[in-house]
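In this note's numbering, the protein residues as written are 3 to 436.
Rendered as structure tokens:
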């Protein structure tokens, strides 16, 4: 009995999910299923051609060259000492407030997100720098774990963001506008986390003792330590906002500026430069492999016509568009609990994104919202990536305590999602002025 294209598509999706649960690497699973599925529907020659052309078109896409540049910038910023100085300055300014060290972690983490571009890299860095400091000063372990797990992924929202570039290309949105669209949501998320910390410490002051207040003069003097951070963020954001830089140019200028700043501040040793380059190559290679695999799988889904049929079904549902949107958000939150959101997005976007646009929602707004949902997925148990990064970075940590520490911040994330849905201008205002 000959199977229809739709049946092959359904079987392929189920096979890929099974392979992922069997711990087969996502990129390999998507490539294998995409190629075999296309082969069964279109034959050997078209399937070989689609794999070759997809790999070539993806890897020669000029827009993707911003990814390794932003990653390199983040690693150079870490080795230059910019991150440590940023945290120390934040500690002097807000350390005396309720939950001061925890508040400083939010400020410093959001700042590092503005020069990192990678949520995983930010989480790993904050885990090594801030968690031991917080615990040493009497902060409850669960709170220390929870704040780092949630603040680290803010790099996904605040420009420059690697995942923002990937989603922009996948949804055919302006990369520059999406990067700028993440500015206010990133600031909003940091403020909501700081309010949450204030409330938690107000209820139980013992979970985060404040440190001694630093004289105002010393706080002012500490600002000179973050001039390099301020300069870097200004160059990137101003360049993107005014259109002086393309995202790729912003990445190259940012990496060059960090390199020069590092030489001025302390000088780079040979090992630091070597490690920055090696880590950039490793991270970029894994990202590009996943992107190529996702596009191959997407081509397979396209010939099955499943995305078109499901999109039409979503649009024709006899319910208000907001109900469909809420259902999609819940779906992504549930997916994020059991799998990495990047492949989840590539699997679902061919279906979801056309439907969202057809329902009248702004495509750029939804793409940025989707990036925030990807950020939330890094914190949600049982498979949140940030949670496992903390476990591997802090030798004495307990996974159960890390889970427990993340719960209040997940509730805060739900509040942020509601605000972004009710007030889409939080995302769209700055891009509308570009």
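Think of the CB as a built atom: it goes at the ideal place given N, C-alpha and C, for glycine as much as any other residue.
Are the beta-carbon atoms of residue i and residue j separated by less than 8 Å?
i: residue 210; j: residue 141; result: yes
i: residue 348; j: residue 170; result: no
i: residue 407; j: residue 379; result: no
i: residue 121; j: residue 83; result: no
i: residue 410; j: residue 190; result: no
i: residue 179; j: residue 433; result: yes
i: residue 157; j: residue 124; result: yes
i: residue 78; j: residue 231; result: no
i: residue 418; j: residue 150; result: no
i: residue 223; j: residue 184; result: no
i: residue 130; j: residue 137; result: no
i: residue 40; j: residue 278; result: no
i: residue 298; j: residue 32; result: yes
i: residue 145; j: residue 110; result: no
i: residue 381; j: residue 389; result: yes
i: residue 6; j: residue 305; result: no
i: residue 198; j: residue 360; result: no
i: residue 243; j: residue 182; result: yes
i: residue 69; j: residue 289; result: yes
i: residue 71; j: residue 253; result: yes
i: residue 301; j: residue 76; result: no
i: residue 259; j: residue 234; result: yes
i: residue 161; j: residue 256; result: no
i: residue 344; j: residue 165; result: yes
I need the boundaries of the alpha helix (DSSP H) containing residue i, first residue and last residue.
i: residue 105; result: 102 to 118
i: residue 219; result: 218 to 224
i: residue 93; result: 84 to 96
i: residue 347; result: 343 to 360
i: residue 51; result: 46 to 61
i: residue 231; result: 229 to 244
i: residue 175; result: Per DSSP, residue 175 belongs to no alpha helix (DSSP H) and is neither H nor E.
i: residue 433; result: 427 to 435
i: residue 1; result: Outside the displayed range of the chain (3 to 436) lies residue 1, so it cannot be described from this structure.
What does the Cβ neighbour count give for residue i, buried or exposed, with the cut at 16 atoms within 10 Å?
i: residue 321; result: exposed
i: residue 212; result: buried
i: residue 9; result: exposed
i: residue 102; result: buried
i: residue 152; result: buried
i: residue 334; result: buried
i: residue 30; result: exposed
i: residue 220; result: exposed
i: residue 226; result: exposed
i: residue 400; result: exposed
i: residue 435; result: exposed
i: residue 273; result: exposed
i: residue 294; result: buried
i: residue 126; result: buried
i: residue 315; result: exposed
i: residue 118; result: buried
i: residue 325; result: exposed
Consult DSSP for residue i and reduce its assignment to one of helix, strand or coil.
i: residue 415; result: helix
i: residue 122; result: helix
i: residue 269; result: coil
i: residue 141; result: coil
i: residue 364; result: coil
i: residue 181; result: helix
i: residue 213; result: coil
i: residue 99; result: coil
i: residue 384; result: coil
i: residue 421; result: helix
i: residue 319; result: coil
i: residue 307; result: coil
i: residue 26; result: coil
i: residue 248; result: coil
i: residue 187; result: helix
i: residue 160; result: coil
i: residue 397; result: coil
Report yes or no: do three or more beta-carbon pairs, one from the segment 347 to 362 and one from the segment 381 to 399, lie closer than 8 Å? Taking one beta carbon from each stretch, the segment 347 to 362 and the segment 381 to 399 have fewer than 3 pairs nearer than 8 Å; the two do not touch.
Taking contact to mean at least 3 C-beta pairs separated by less than 8 Å, is the segment 88 to 100 in contact with the segment 216 to 228? The way I'd put it, the segment 88 to 100 does touch the segment 216 to 228; three or more beta-carbon pairs between them come closer than 8 Å.
Per the contact definition of three or more C-beta pairs closer than 8 Å, is the segment 18 to 25 in contact with the segment 261 to 276? Verdict: no, contact absent.
With a cut-off of 8 Å, do at least 3 Cβ pairs link the segment 363 to 376 to the segment 412 to 432? Touching, per the Cβ criterion.
The segment 232 to 243 / the segment 53 to 62 touching (three or more Cβ pairs under 8 Å): Contact fails: fewer than three Cβ-Cβ distances are below 8 Å.
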